[in-house]
Each structure stands twice: as C-alpha cells, then as structure tokens.
Amino acid sequence: MSKPRIWISNATPKAGEMVRVRALVEHRMESGLRLSKDGQVVPRNIIHEFKATLNGEPLFNWFPETAISQNPYIEFTFVARHSGALEMSWTDDQGAVITGQTALSISG
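Following UniProt numbering, the numbering of the sequence shown begins with 1 at its first residue and continues without gaps.
(1) Evaluate Val21 with the Cβ neighbour count: other Cβ atoms within 10 Å of its Cβ, from every protein chain shown; 16 or more gives buried, anything less gives exposed.
(2) Please look up how many angstroms separate the CB atoms of Asn55 and Ala85, rounded, as I've assumed it's under 8 Å.
(3) Going by the DSSP bridge assignment, what does Glu65 pair with across the sheet?
(4) Quick one: any contact between the segment 1-10 and the segment 30-46, if contact means 3 or more CB pairs under 8 Å?
(5) Measuring alpha carbon to alpha carbon, tell me which of Ser105, Gln101 and Asp92 ends up nearest Glu26.
(6) Mind checking whether Thr53 and Leu59 have CB atoms under 8 Å apart?
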C-alpha cells in the first residue's frame, strides 16, 4: 500500500461553489475467491470503508465490496462552505488504514 493520490478541482473555491475530489489508492483488493499457486485460498483483504471529512465533519462514506478492482479510484463532489483540511481514509480487512489530506481555502 502507498500514499494515496488526491486531486481537487479547485483548492481555493468561493463559498457555495461545487468542488470535485478524485482519489486513487494502491491496494491489491484480494477478493478471497482466488487460489494461490499451491491451491490454497488467498485470504480476502479488501478496502471495506472509505471516509472523507472536512475539518472532522463527514462529507462522504463508501463501503466497497469484493467487485471493486485493485487500486480503487473514487470521485465525489461537495459544496464548499468553509476552509479546512480535507481528510480521507481507507480501511482494509486486515485493519490497515491509509490516510491522505489536502487543504481547502475559501476565497473571496
């Protein structure tokens, strides 16, 4: 797993403007349905929760399932009302948490 890549359409929007966020994280997303070379089931390990917050206030939650491919990409929009830290976290079945953050600053 690695540091997520985060893109934001406008880091300095005016209050009330729509902001588009795109994020990509590297993860194998093992479904638990595949066999290893020796015929053993490869244990399931998928990202099962994604959270996005702005200054700790929830913006978006997503609960992916096994049908999501490796290196999941997510895109969402929200209305910018105030400046702050846009934080995202991905949690997998083994308890690993990947986090990323970017700043949002209201202009005008």
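Glycine residues also receive a C-beta, built at the ideal position from the N, C-alpha and C atoms. None of these values were measured; they are calculated from a predicted model.
Short version:
(1) If you number the sequence shown from 1, residue 21 lands on position 21. Classification for Val21: buried.
(2) One-based indexing of the sequence shown puts residue 55 at position 55. One-based indexing of the sequence shown puts residue 85 at position 85. Yes, Asn55 and Ala85 are in contact; Cβ-Cβ is about 6 Å, under 8 Å.
(3) Looking up residue 65 in the sequence shown gives position 65. Beta-bridge pairing links Glu65 to no other residue.
(4) no
(5) Indexing the sequence shown from 1 puts residue 26 at position 26. Selected option, being the one with the closest Cα: Asp92.
(6) Position 53 of the sequence shown, counted from the start, is the residue given in the question as residue 53. Position 59 of the sequence shown, counted from the start, is the residue given in the question as residue 59. For Thr53 and Leu59, yes; Cβs fall inside 8 Å.
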